[in-house]
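Asks: Protein chains in written order, with numbering that gives the first Met the number 0: chain A, 0 to 253; chain B, 0 to 246.
Built from N, CA and C at the ideal position, the CB exists for glycine as well.
Note that this is a predicted model, so its numbers are computed, not measured.
First the structure, which I've put down as structure tokens, then a few questions once you've had a look.
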Amino acid sequence: MSAHDDLAESSPAGDPGAWTTARQAMSAAVADESLSGLPAALQRICRAATSSLPLSGAVVQVITEAREVVVLASSDPASHLLGEITFTVGEGPCLDAFTMGRPVLVPDLLGEGHLRWPGYVSAIREGGLRATYALPLHVGAVRLGVLELYGARVHSLSAAELSLSLVFAHVATDILLEPPSGSSADLVGDRSAEGLGHWVEIHQAQGMVTVDLGLDLAGALSLMRAHAFSREVPLLEVARMILAGERLHVTDED
Amino acid sequence: MISSSRLSDLFVEVADTLVDEFDLVDFLHHVTSSAAEITASTAVGLMLADHDGTLRFMASSSEDARLLDLFQLQNAEGPCLDAHRTGEEVPDIIIESAADRWPVFAPRAAELGFGAAHCFPLRLRDQTIGAMNIFRTEPRTLEDEERRVARALADVATIGLMQERALRRAEELTEQLQFALNSRIVIEQAKGAVARVLDIGVEEAFTVIRGYARSHRRPLTEVAREAVEDRPALQALTDSYTRQSRE
């Protein structure tokens, strides 16, 4: 008689509805008038996250090779200040998330957070921050930054909340790789469609383009997307052509 | 079913990968190739659920592109999708008569020459985090012993994913799954780069990367990441292959 014989009910991990919720939150979010293009898009993500999750604010940080943390966008000025603290003290969840390449979820900053980042927790203590959820913005080896979410209460994000957070991170990553032109209202758009299935070929092709053209991974993906757009074919088709041996040109001279 | 001494050897190997120099992708690769050998199956593949429920390919006993394709299409339909959704095994699949059940998956599996399949959910407490799919060329279902051992390996895969004997924190699962999925992307990017430099297939590129990691006693994912981030590192990796193939 094995342990498996009377299995309890099991639910599938993951929330497919997260994309719809994110889309709705994004279309309702408005950036400051003074901003446009990339900063505006990222601010809208920060605001959409803040309004659709139990958060007090959110920031997008870019982290340089020298581990300097720069706040690229924030939902509000108070969060912007919080986002800079890691740089000031030299430690914090966002740095760990970035370097380790995994989300760092801290539902109780003053509890476990205090043990892991004593300097950071001392610095944020007075401001009322109680939870931080740092999501790396990355695609494989392409590391762009972090989406850092702030909570005023001790709280473990539920599965649905986590899923939604990760969607926002995915969109933010995409936008950093491929900044939107103008002020397109729908930032989520078709970006989610690429995520479904068959990503293996896309990333292999990405690696190939880095060798063919001496680009970095981010540049390779952007170039592939540009070709897909100008040839009016899906990204996967461009990837397959590259896998079959085609070398892309930097200027699309087809 | 293989001999019990070979079975012990394989479990020891899997356990060793779990403790020394732990690299998640390498470990999962080991689990799938062990499962293939133990159950005398043609191919075994493992998929993990992303945060939005999408099943992502994570590891398999063979890097054949057509096989990877068969796994990836299971996002829309197939035994992996069913196992993930229900949390239950999808056993004893005879491909030839499975077209009604899976009109896209079954013919594609048949095209690849598979006659039978079996799918195990990867379960952790009350959550199904993915699935492990076994394929055979002959239309022969798993024997009881094979099924038990394969199920045990699926559990071992889940344990390896968590890397800890007891989950300290509820957040650990999400963090680890996301890390695992991203690590796989790093591997794919590296496969592409190495394949292009050496003018070989991506399948062979994976073997090159693994071989290099092993001979330098470094984690697979770390070697892969370095190869795509740093041109000299890529050069060193590919040079070692060129040297070897001349010998």
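Express the C-alpha separation of A:SER33 and A:LEU80 in angstroms, rounding to a whole number.
Replies: The residue given as residue 80 of chain A occupies position 81 in the first sequence. The residue given as residue 33 of chain A occupies position 34 in the first sequence. Whole-angstrom Cα-Cα distance: 19 Å.
Asks: Counting only Cβ-Cβ distances shorter than 7 Å, please list the residues of the region 124 to 142 of chain A near chain B, keeping chain order.
Replies: For the region 124 to 142 of chain A, which is checked against every Cβ of chain B, the residues closer than 7 Å are HIS137, VAL138, GLY139, ALA140.
Asks: Nearest chain B C-beta to A:HIS226 closer than 7 Å, yes or no?
Replies: Start at 1 with the first residue of the first sequence, and residue 226 of chain A comes out as number 227. For A:HIS226, the answer is no, since every Cβ of chain B falls outside 7 Å of its Cβ.
Asks: If I measure Cβ to Cβ from A:ALA30 and keep anything under 6 Å in the same chain, skipping five residues before and after, which residues do I get?
Replies: Here residue 30 of chain A refers to the residue found at position 31 when the first sequence is read from its first residue. Cβ neighbours of A:ALA30 beyond the five flanking positions: ALA39, GLN42, ARG43.
Asks: Quick check: B:GLY112 and B:GLU137, are their CB atoms within less than 7 Å of each other?
Replies: Numbered from 1 along the second sequence, position 113 holds the residue referred to as residue 112 of chain B. Numbered from 1 along the second sequence, position 138 holds the residue referred to as residue 137 of chain B. The answer is no: Cβ separation not under 7 Å.
Asks: Can at least three beta-carbon pairs, one atom from the region 130 to 146 of chain A and one from the region 98 to 105 of chain A, be found at a separation below 8 Å?
Replies: Yes: the two stretches touch, three or more of their Cβ pairs being nearer than 8 Å.
Asks: Just to confirm, are A:ALA65 and A:ALA57 a CB contact at a threshold of 7 Å?
Replies: Translated into positions along the first sequence, residue 65 of chain A becomes position 66. Translated into positions along the first sequence, residue 57 of chain A becomes position 58. Not closer than 7 Å, so no.
Asks: Taking the alpha carbon of A:PRO53 as the reference point, which residue from A:THR172, A:LEU220, A:LEU163 has its own alpha carbon closest?
Replies: As a first step, residue 53 of chain A must be located in the first sequence, where it is residue number 54. Looking at the Cα atoms, A:LEU163 is the closest of the given residues.
Asks: Within 10 angstroms of the Cβ of B:ASP25, are there 16 or more other Cβ atoms? Answer buried if so, exposed if not.
Replies: What you label residue 25 of chain B is simply residue 26 of the second sequence in a count that begins at 1. It counts as buried.
Asks: To the nearest angstrom, report how far apart B:SER239 and A:VAL210 are at their CA atoms.
Replies: Against the second sequence, residue 239 of chain B aligns to sequence position 240. Against the first sequence, residue 210 of chain A aligns to sequence position 211. Roughly 17 Å between the two C-alpha positions.
Asks: Rounded to whole angstroms, what is the Cα-Cα separation between B:ASP15 and B:VAL155?
Replies: By 1-based counting over the second sequence, the position of residue 15 of chain B is 16. By 1-based counting over the second sequence, the position of residue 155 of chain B is 156. Approximately 12 Å between the Cα atoms of the pair.
Asks: May I ask you to list the residues that DSSP assigns as paired with B:PHE56?
Replies: Position 57 of the second sequence, counting from 1, holds the residue named residue 56 of chain B. BP columns for B:PHE56 point to B:MET46.
Asks: Kindly indicate the opening and closing residues of the beta strand (DSSP E) around B:PHE104.
Replies: As a first step, residue 104 of chain B is located in the second sequence; it is residue number 105 there, counting from the start. Careful: B:PHE104 lies outside any beta strand (DSSP E), inside the alpha helix (DSSP H) at 104 to 110.
Asks: Give a yes or no on contact between the region 212 to 224 of chain A and the region 165 to 181 of chain A, applying the rule of three or more CB pairs nearer than 8 Å.
Replies: Result yes; three or more Cβ-Cβ pairs closer than 8 Å.
Asks: Who are the near neighbours of A:ASP75 in its chain, counting only those whose CB is closer than 7 Å to its CB and skipping five residues on each side?
Replies: As a working note, residue 75 of chain A is residue 76 in the first sequence. Here the set comprises GLY56.
Asks: Mind checking which residues open and close the beta strand (DSSP E) that includes B:MET131?
Replies: Walking along the second sequence from the start, residue 131 of chain B turns up at place 132. That run of the beta strand (DSSP E) goes 126 to 135.
Asks: On the criterion of 16 or more Cβ atoms from any shown chain inside 10 Å, does B:THR110 qualify as buried, or is it exposed?
Replies: What you label residue 110 of chain B is simply residue 111 of the second sequence in a count that begins at 1. Per the sequence shown, the amino acid found at residue 110 of chain B is Glu instead of Thr. So B:GLU110 counts as exposed.
Asks: Assuming A:ALA140 contacts B:VAL227 (C-beta within less than 8 Å), just tell me the rounded distance between them.
Replies: For the purposes of this step, residue 140 of chain A is taken as the residue at position 141 of the first sequence. For the purposes of this step, residue 227 of chain B is taken as the residue at position 228 of the second sequence. Correct: roughly 5 Å between the Cβ atoms.
Asks: In angstroms with no decimal places, state the Cα-to-Cα distance between A:LEU134 and A:VAL145.
Replies: Here residue 134 of chain A refers to the residue found at position 135 of the first sequence. Here residue 145 of chain A refers to the residue found at position 146 of the first sequence. A:LEU134 and A:VAL145: Cα-Cα distance of roughly 5 Å.
Asks: Starting from the N-terminal side, write out each stretch of the alpha helix (DSSP H) that is 4 residues or longer and does not extend beyond the region 15 to 91 of chain A.
Replies: Listed in chain order, they are 17 to 27, 36 to 51, 76 to 88.
Asks: Using a Cβ-Cβ cut-off of less than 7 Å, list which residues of the region 205 to 239 of chain A approach chain B; keep chain order.
Replies: Taking 7 Å as the Cβ-Cβ cut-off against chain B, the residues of the region 205 to 239 of chain A that qualify are GLN205, GLY206, MET207, THR209, VAL210, ASP211, LEU216.
Asks: Which residues in the same chain as B:ASP81 place their Cβ atom closer than 6 Å to its Cβ, once the five residues preceding and following it in sequence are excluded?
Replies: One-based indexing of the second sequence puts residue 81 of chain B at position 82. Within the same chain, B:ASP81 has close Cβ partners VAL89.
Asks: To which residues of the same chain is B:GLU163 closer than 6 Å at the C-beta, ignoring the five residues directly before and after it?
Replies: As a working mapping, residue 163 of chain B is identified with position 164 in the second sequence. Confidence at B:GLU163 is low in this model, with a pLDDT of 44, below 50, so the placement of that residue should be treated as unreliable; the coordinate-derived value is given next. Answer for B:GLU163: no residue qualifies.
Asks: B:VAL222 versus chain A: which residues are under 8 Å apart at the beta carbon?
Replies: Reading the second sequence from its first residue, position 223 is the one you call residue 222 of chain B. Chain A residues near B:VAL222: none, gap ~11 Å exceeds 8 Å.
Asks: Just to confirm the assignment, what range does the beta strand (DSSP E) spanning A:GLN131 have?
Replies: Within the first sequence, the letter at position 132 stands for residue 131 of chain A. The residue asked about is misnamed: residue 131 of chain A is Thr in this sequence, not Gln. Unbroken beta strand (DSSP E) run through A:THR131: 130 to 138.
Asks: Measure the beta-carbon distance from A:GLU147 to A:GLY100 and round it to whole angstroms, keeping in mind my assumption that it falls under 8 Å.
Replies: Residue mapping note: residue 147 of chain A aligns to position 148 of the first sequence, counting from 1. Residue mapping note: residue 100 of chain A aligns to position 101 of the first sequence, counting from 1. Actually they do not touch by this definition, with Cβ atoms about 15 Å apart.
Asks: Given a cut-off of 7 Å on the beta-carbon distance, is the pair B:VAL185 and B:THR237 in contact?
Replies: Here the question's residue 185 of chain B lines up with position 186 in the second sequence. Here the question's residue 237 of chain B lines up with position 238 in the second sequence. Not closer than 7 Å, so no.
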